[in-house]
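If you use this note's numbering, the sequence shown corresponds to residues 60 to 544, in order. I have placed the structure first, in the form of structure tokens, so that the comments after it can refer back to it.
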Amino acid sequence: MYKKGDKIIGKIEKLVFGGAGVMRVDGGIDGNGVARRLTVFVEGGAPGDEVEVEFFSLKRNLAMARIVKMIKPSEQRIEPRCKHFLKCGGCSWQFLSYQDQLKVKSEEVFESLVRTGGIDREALDAVWKPILFMEDPWYYRNKMEFSFNRTVDYDEREQKIPGTWQIGLHMKGRYYDVCEIEECYLFRPWIGEFLNKVREWLPTVAEFGGQFSSLIVRRGTGTGEVMINLLVENGELNFEQSFLKMVEEFFAVSGSEQDKLTSVFLTQIINIKGQRKEWRETLLWGAPVFKEKLNLGNGRILTFDVAPQAFLQPNTVQAERFYALIRELAGLDQKTEPERQKKIFDLYCGTGTIGIALADKAASVVGIELNSPAVENARINAEQNGVKNMEFIVGDVARVLPERGAEVDLVVVDPPRAGLHNSVIATIAATRVARVIYVSCNPATLARDLKIFLAAGFTLEFVQPVDQFCHTYHVETVVLLSRAI
Ligand SMILES: C[S@@+](CC[C@H](N)C(=O)[O-])C[C@H]1O[C@@H](n2cnc3c(N)ncnc32)[C@H](O)[C@@H]1O
Numbered sequence: 060m061y062k063k064g065d066k067i068i069g070k071i072e073k074l075v076f077g078g079a080g081v082m083r084v085d086g087g088i089d090g091n092g093v094a095r096r097l098t099v100f101v102e103g104g105a106p107g108d109e110v111e112v113e114f115f116s117l118k119r120n121l122a123m124a125r126i127v128k129m130i131k132p133s134e135q136r137i138e139p140r141c142k143h144f145l146k147c148g149g150c151s152w153q154f155l156s157y158q159d160q161l162k163v164k165s166e167e168v169f170e171s172l173v174r175t176g177g178i179d180r181e182a183l184d185a186v187w188k189p190i191l192f193m194e195d196p197w198y199y200r201n202k203m204e205f206s207f208n209r210t211v212d213y214d215e216r217e218q219k220i221p222g223t224w225q226i227g228l229h230m231k232g233r234y235y236d237v238c239e240i241e242e243c244y245l246f247r248p249w250i251g252e253f254l255n256k257v258r259e260w261l262p263t264v265a266e267f268g269g270q271f272s273s274l275i276v277r278r279g280t281g282t283g284e285v286m287i288n289l290l291v292e293n294g295e296l297n298f299e300q301s302f303l304k305m306v307e308e309f310f311a312v313s314g315s316e317q318d319k320l321t322s323v324f325l326t327q328i329i330n331i332k333g334q335r336k337e338w339r340e341t342l343l344w345g346a347p348v349f350k351e352k353l354n355l356g357n358g359r360i361l362t363f364d365v366a367p368q369a370f371l372q373p374n375t376v377q378a379e380r381f382y383a384l385i386r387e388l389a390g391l392d393q394k395t396e397p398e399r400q401k402k403i404f405d406l407y408c409g410t411g412t413i414g415i416a417l418a419d420k421a422a423s424v425v426g427i428e429l430n431s432p433a434v435e436n437a438r439i440n441a442e443q444n445g446v447k448n449m450e451f452i453v454g455d456v457a458r459v460l461p462e463r464g465a466e467v468d469l470v471v472v473d474p475p476r477a478g479l480h481n482s483v484i485a486t487i488a489a490t491r492v493a494r495v496i497y498v499s500c501n502p503a504t505l506a507r508d509l510k511i512f513l514a515a516g517f518t519l520e521f522v523q524p525v526d527q528f529c530h531t532y533h534v535e536t537v538v539l540l541s542r543a544i
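Structural data, given as structure tokens:
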């Protein structure tokens, strides 16, 4: 049995959802005290690496370890593009070619559905579609949230005093420490320069009795409109105009038709112990929203106003493609009248984007979502895209759905990572629905839920992973289930 601090040598077998490499060695025990292989998760290990690792966390047959020596690097390894790789907590797999990353993600989804979902390999093969990947897997994000951290200095009496402000991304597994980002290949080429400009500006701000919290930079991929939102906690604000001037100066030089400053916000979070947090959003300049366009490839271009707090799928190019895929699976573009009379439920609808993408060919769409600001956005989004047959309900799907009755033809679910509650699957199964489209961002919960759907009489018709978050371990999957009614 190993203990913390012990070192072993081994070979990384594969990568897993969560990003780490995995190796298996002797020395574990199961719940009955019987010897078993120990599964060791190694951050930054690539499949095929021979490494010496040191344990920093151990349970009976699971352990976490860090690489202390690279004995023989894997032949699959490539030079990561970004100098902050594995330091900033963003990308986890830049050391593999994009093709190899796609292979790992596809295998992860396939094996989860077999292992946890109990789906027969051949049956899965028959409905499996190759992963929907990006032609150019760089600069794809439409939103970045950078965090601030303040270093600690010491005065002449060795007393702690506040040091300088840093801005970047949180290092993996660390709550406070940030990696000071100077380049990022997931957002826009100018982002490193912009953060440097912010770094030059920070020391010019006089003490204001509060904390810089985060800087959110968003850009409509289809419009080039940029929204900047600086979040601070508490304090007496004295820097609004100098912040605005700094941002404007940057975009006067770095802006273009592809990147045009549209909106600058300052959000002050009033956080007083024992009181409810209060968010005060001030528009310093420009429009209260930025616009994003989604081209669904069927002649329909949707426009969304995006307010500072509103959710939008972070990869617009892939969102356009998988929304178009959902439309295809829904069979809405078929010409026959019954197909156009469909009643649809868009569950976990966020700002209503999926429902809005389907509404023009449906009889009606009901969107259900827990987050009320998202639903406010959804209502505006529906209106400005000319959608009049969509209704939105704020509430927990598990509570609201049973009250909506059984008359529905198509249900789309896009739940958070935890997946669907058993009762939600049971309620869906008790309706007259013939098709369910499941959009998942977690292969493990997808597999668990599919097992229940299949036991309830649904048939698996279509499974396609979608790469929305290139160079990270995240993977989206779109699934179609059907049954005869
Ligand atoms: C993955 S997002 C889907 C967003 C949307 N479908 C889209 O494409 O932009 C999941 C959504 O589920 C919502 N949510 C989480 N738990 C919920 C619940 N119990 N009932 C209803 N909505 C919930 C979240 O607020 C979030 O907007």
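Just so you know, even glycine gets a beta-carbon here, dropped at the ideal spot from N, CA and C. Predicted model only: the values in this text are computed from it and were never measured.
Practice item. Identify whether residue 152 lies in helix, strand or coil by the three-state DSSP scheme. Key: coil
Exercise for review: For residue 524, verify whether its CB is less than 6 Å away from any heavy atom of ligand 1.
Suggested key: no
Review point. Which of the three DSSP states, helix, strand or coil, is assigned to residue 122?
Key: strand
Check your understanding: Using the C-alpha atoms, what's the distance from residue 522 back to residue 400?
Key -> 25 Å
Check your understanding: On the three-state DSSP scale, how would you describe residue 331?
Key -> coil
**Study point:** Touch test, the region 134-150 against the region 468-479, Cβ-Cβ under 8 Å, three pairs minimum
**Key:** no
Practice item. Would you tell me roughly how many angstroms separate the C-alpha atoms of residue 155 and residue 502, rounded to the nearest one? Key: 21 Å
**Study point:** residue 428 versus residue 403 - alpha carbon distance
**Key:** 14 Å
Practice item. Could you have a look at residue 78 and say whether DSSP puts it in helix, strand or coil? Key: coil
Review point. Taking the continuous alpha helix (DSSP H) assigned at residue 300, which residues delimit it?
Key: 299-313
Check your understanding: Do you know how far the Cα of residue 506 is from the Cα of residue 514?
Key -> 13 Å
Review point. Can the beta-carbon of residue 351 be found closer than 7 Å to that of residue 283?
Key: no
**Study point:** Near ligand 1: residue 502 beta-carbon under 6 Å from a heavy atom
**Key:** no
Review point. Does DSSP put residue 290 in a helix, a strand or coil?
Key: strand
Check your understanding: In three-state terms, what does DSSP make of residue 168?
Key -> helix
Check your understanding: Excluding the five sequence neighbours on either side, which residues of its own chain have a C-beta within less than 7 Å of the C-beta of residue 106, listed in chain order?
Key -> 71, 72, 73, 74, 80, 133 and 135
Exercise for review: Rounded to whole angstroms, what's the CA-CA distance from residue 188 to residue 524? Just pull it up for me.
Suggested key: 8 Å
Review point. Bridge partners of residue 208, per DSSP?
Key: 225
Review point. For residue 131, which residues of its own chain have a beta-carbon under 7 Å away from its beta-carbon, when the five flanking residues on both sides are left out?
Key: 109
Check your understanding: Which residues in the same chain have their Cβ closer than 7 Å to the Cβ of residue 340, if we skip the five residues on either side of it in sequence?
Key -> 324, 326 and 367
**Study point:** With 16 other Cβ atoms within 10 Å as the buried cut-off, status of residue 548
**Key:** The structure shown has nothing for residue 548, since the chain only spans 60 to 544.
Review point. The alpha helix (DSSP H) with residue 259 in it runs from where to where?
Key: 250-260
Check your understanding: Is residue 244 near ligand 1, in the sense that its beta carbon is under 6 Å from a heavy atom of that ligand?
Key -> no
Point to revise | Cβ neighbours of residue 138 in the same chain (closer than 6 Å, five flanking residues each side left out) | key: none
Review point. What runs of the alpha helix (DSSP H), each 4 residues or longer, lie entirely inside the region 476-506?
Key: 481-489
Check your understanding: Are the region 354-370 and the region 267-274 touching, with three or more C-beta to C-beta distances below 8 Å?
Key -> no
Check your understanding: Considering only C-alpha positions, which residue in the set 430, 512 and 431 is nearest to residue 470?
Key -> 512
**Study point:** 8 Å contact criterion, which residue 444 and residue 421 should meet: CB distance rounded
**Key:** Between residue 421 and residue 444 the Cβ distance is about 14 Å, and since that is not below 8 Å, they are no contact.
**Study point:** Cut-off 7 Å between Cβ atoms - residues of its own chain near residue 208, not counting five sequence neighbours on either side
**Key:** 225, 235, 236 and 237
Check your understanding: How about residue 193 and residue 529: do their beta carbons lie closer than 7 Å?
Key -> yes
Check your understanding: Do residue 228 and residue 220 come within 7 Å of each other at the CB atom, strictly closer than that value?
Key -> no
Review point. Any chance the CB of residue 218 is under 6 Å from a heavy atom of ligand 1?
Key: no
Exercise for review: Could you tell me which residues DSSP puts in a beta bridge with residue 524?
Suggested key: 536
Review point. Considering only residues of the same chain and omitting the five flanking positions on each side of residue 379, which have a CB-CB separation below 8 Å?
Key: 353, 354, 355 and 356
Exercise for review: Could you please give the first and the last residue of the uninterrupted beta strand (DSSP E) stretch that includes residue 273?
Suggested key: 270-278
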